[in-house]
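If you want our numbering, it's the position in the sequence shown, counting the first as 1, plus 46. Scroll down for the structure; my scribbles are underneath it.
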Amino acid sequence: MSMSLRMRVPLRSLIKDMILVCPKSSDNQKKNEHETKQIIHSIKVGISLVLVSLLYLVDPLYEQVGENAMWAIMTVVVIFEFSAGATLGKGLNRGMGTILGGGLGCIAAVLVQNLDVVGNKVIIGASVFIFGTIGTYFRLVPSIKKRYDYGVMLFILTYNLVVVSGVRADQKVWEIACERFLTILMGFIICICVSLLIFPLWASDELHQSTVSRFQELANTIQGCLEEYINIDIEEENKCSASFGVCKSMLNSKSKDELLAIYAKWEPWHGNFGFSYPWEKYLKIGEVLREMAAIVLALGGSIQTSRSPKAFTSVNQTIQLKLCEAIASEVVWVLQELGDSMKQMRKCEADTHISEKLKAARTELSLVISMSNIAVFENIDALAIASFIFLLKEVVDKVEELTKETLLYDQILKKPWNSQRKKKKETVGTKLKSQSS
């Protein structure tokens, strides 16, 4: 055995171990971070409940709000969500629904006060039917259901509570509505202050980090495919299938990404994210990443069907193997570079190198395909090799599409609010330098 071959085997085994160990350690780290966030969220909910309970426990406060303090407690329990954006969005929805429903309910109750008993009940019943029907119809509209479903539901509920309770109440309807709205507002303010000021959990940060991490996860999986394809004598098939769990979970991430994008739009300016931040770009990048994950899963399937060394006996197939190794390495490098630039929210400085890498990968793919002759494939292993080659071509196509979407991310960095943020950082840096000098 030559010296180069002896060095090559440990190197491959080392790379393979890194691929198999790194995802596990990163998964444990993500799990610990998520558990920490869950504990923080639980403590914040407890703090909010204690603060809002003071409306009952402190006598001067209870004398002001009375039994309406229960509405503040209900508000805290209902609208306090995991992320700040979700809490803010749900709170604003509750506020808008309460104001509109309460306002229209008060108007309807005042208008029917001068009518007789029968006319009063008929008008109230008709208004309940009309607004309930219209509100329920709007809840079924997809564009409204995504962001304002809770607000429309609260509009229906508040309108019915105000207009119906006004029939039997001794107190004026508008006074009841104002008192309830003020206590709801107290609960909303407590939720927002606790959510935004005490270890805030941002949906925008979670969406950004999850999108960025998928670049590295896909790169690791493709590298694992490459190692599995080269080392066909591996017996630990369960490790190979375990490495594709990331791709399977990625395929089911669409609904979560859409929810995070909706919550992120409600969040105030913080960190690197300003107002009107184009979160749709993250959804487009995530869609391409999911399509790429599906192709990588198909690559894994082709590997599982070609685990016999007889598939690599010919000279042409050995050359194809080396070319596929080079192509996969270039794809992995491109994914890592794109993910790193997006993680640091900077312009991709290696965009020219990326185009050169993809161009070289396409040239090598053309050479591999020209060397393949499907007509002479006589066994399943050879067909699996052909399947691997054409699936690798699909991967390169998706990487090109992903590169276009990610390089358009540079336009986000040129937004006016982002340039102002950079100017502030530069100003602070110059001040610190002048003070130190």
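Note that beta-carbon positions come from the ideal geometry of N, C-alpha and C, so glycine has one too.
- Cβ neighbours of residue 334 within its own chain (closer than 7 Å, five residues either side excluded): 444, 447, 448, 451.
- A contact is defined here as three or more CB-CB pairs under 8 Å, and the region 224-232 fails this definition with respect to the region 176-185.
- Going by beta carbons, residue 101 and residue 119 fall inside the 9 Å limit.
- For residue 166, the enclosing alpha helix (DSSP H) has its first and last residue at 163-185.
- The DSSP-derived three-state label of residue 245 is coil.
- Collapsing the DSSP output to three states places residue 319 in a strand.
- In the displayed model, residue 313 falls within coil according to three-state DSSP, outside both helix and strand.
- Distance check between residue 151 and each of 85, 221, 88 places 221 closest, using alpha-carbon atoms only.
- Put simply, of 373, 295, 255, 262 the residue whose alpha carbon is nearest the alpha carbon of residue 318 is 255.
- Taking the CA atoms as reference points, residue 170 sits about 11 Å from residue 156.
- Contact check for residue 134 against residue 314 passes: the beta carbons are separated by less than 9 Å.
- Assigned with DSSP and collapsed to three states, residue 188 falls in helix.
- Rounded to the nearest whole angstrom, the C-alpha separation of residue 105 and residue 128 is 32 Å.
- Of the other Cβ atoms in all chains shown, 16 or more fall within 10 Å of the Cβ of residue 303; this residue is therefore buried.
- With a 10 Å radius around the Cβ and a threshold of 16 neighbouring Cβ atoms, residue 244 comes out exposed.
- Taking all protein chains in view, the Cβ of residue 370 is crowded by 16 or more other Cβ atoms within 10 Å, so the residue is classified as buried.
- Taking all protein chains in view, the Cβ of residue 81 is surrounded by fewer than 16 other Cβ atoms within 10 Å, so the residue is classified as exposed.
- Separation of the CB atoms of residue 201 and residue 147 is rounded to 4 Å, and the pair is thereby assigned contact status at 8 Å.
- The alpha-carbon of residue 261 is positioned some 20 Å away from that of residue 79.
- In this structure, the beta-carbon distance from residue 237 to residue 121 falls below 9 Å.
- The criterion of a C-beta distance shorter than 9 Å is not satisfied by residue 305 and residue 250.
- Per DSSP, reduced to three states, the secondary structure at residue 159 is coil, with no helix or strand assignment.
- With fewer than 16 other Cβ atoms inside 10 Å of its own Cβ, residue 298 counts as exposed.
- Looking at 406, 240, 383, 309, the one whose alpha-carbon comes closest to that of residue 90 is 240.
- Taking all protein chains in view, the Cβ of residue 328 is crowded by 16 or more other Cβ atoms within 10 Å, so the residue is classified as buried.
- Going by beta carbons, residue 377 and residue 292 fall outside the 9 Å limit.
- In the DSSP annotation of this structure, the continuous segment of the alpha helix (DSSP H) that includes residue 109 starts and ends at 105-111.
- Per DSSP, reduced to three states, the secondary structure at residue 201 is helical.
- The C-alpha of residue 400 lies about 41 Å from the C-alpha of residue 191.
- Leaving aside the five residues that flank residue 379 on each side, the residues in its chain whose CB is nearer than 7 Å to its CB run, in chain order, 403.
- In this structure residue 173 is buried. Its beta-carbon is surrounded by 16 or more other beta-carbon atoms within 10 angstroms.
- Counting other Cβ atoms within 10 Å of its Cβ, residue 137 reaches 16 or more and is therefore classed as buried.
- The continuous stretches of alpha helix (DSSP H) do not include residue 391, and DSSP gives it neither H nor E.
- Ranked by Cα distance from residue 337, the options 300, 96, 436 are led by 300.
- Of all alpha-carbon atoms in 332, 438, 259, the one lying nearest the alpha-carbon of residue 346 is that of 438.
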